[in-house]
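Residue numbers (our numbering): 103 to 246.
Using N, Cα and C, we set each Cβ at its ideal position, and we do this for glycine too.
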Ligand SMILES: [Zn+2]
């Protein structure tokens with residue numbers, strides 16, 4: 103009887119630990135980057151201000167969703183995200199976005215998709231790309 107009770111107790115503890123791990127892994131981390139760039143939107147109607155070349159101080163947030171490493175206590179090293187994004191950031195910073203291949207119509211939405219397509223092959227647990235164009239305008243892309 104006591105033996106059975108210990109088994110039940112052990113199973114209960116194991117299930118509780120598993121539930122705790124599951125709860126802890128339901129989280130995202132993110133890393134934010136900033137860059138300055140110029141663009142114009144060729145497809146907006148004549149007279150629209152975005153038809154003219156202008157600049158933005160862009161903010162990009164890469165969200166990563168994955169299992170929490172129980173030993174080290176993180177999902178992944180923020181530095182790794184920085185290293186993966188570094189060449190992309192170099193390409194975007196102080197550029198005329200329209201000149202970058204795939205960004206001939208660099209709306210906030212297209213930029214978010216473009217960044218996703220650049221990052222995702224090197225960061226499979228990427229879950230979301232946020233692009234903020236102004237203090238009050240932005241786009242969130244979660245892939246297809
Ligand atoms: Zn703009």
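Residue-chain proximity (residue i, chain C), Cβ-Cβ < 9 Å
i: residue 175; result: Checking the listed chains, one finds no chain C in this structure; it contains a single protein chain.
Residue range of the unbroken beta strand (DSSP E) whose run includes residue i
i: residue 242; result: 240-243
i: residue 164; result: 156-167
i: residue 229; result: 228-234
Opening and closing residue of the alpha helix (DSSP H) in which residue i lies
i: residue 180; result: 180-194
i: residue 146; result: From DSSP, residue 146 is part of no alpha helix (DSSP H); its letter is neither H nor E.
i: residue 211; result: 210-221
Of the residues the options, the one placed nearest residue i, counting alpha carbons only
i: residue 244; options: 233, 229, 188; result: 229
i: residue 197; options: 236, 156, 171; result: 156
i: residue 141; options: 130, 131, 154, 193; result: 154
i: residue 177; options: 190, 129, 232; result: 129
i: residue 214; options: 200, 232, 202, 174; result: 232
i: residue 246; options: 219, 173, 172; result: 219
i: residue 133; options: 206, 171, 180, 168; result: 180
i: residue 186; options: 236, 217, 145; result: 217
Legend entry - At least 3 beta-carbon pairs within less than 8 Å: the stretch 142-155 vs the stretch 219-226: no
Inset, instruction - Specify whether the stretch 160-172 and the stretch 126-138 touch according to this definition: at least 3 beta carbon pairs, one from each stretch, less than 8 Å apart. - result: Note that the stretch 160-172 touches the stretch 126-138; at least 3 beta-carbon pairs, one per stretch, sit closer than 8 Å.
Legend entry - Neighbouring residues (CB closer than 7 Å to any heavy atom of ligand 1): Residues with a Cβ closer than 7 Å to any heavy atom of ligand 1, in chain order: 141, 143, 152, 156, 158, 235.
Legend entry - Cβ pair count under 8 Å reaching 3, the stretch 202-214 against the stretch 238-245: yes
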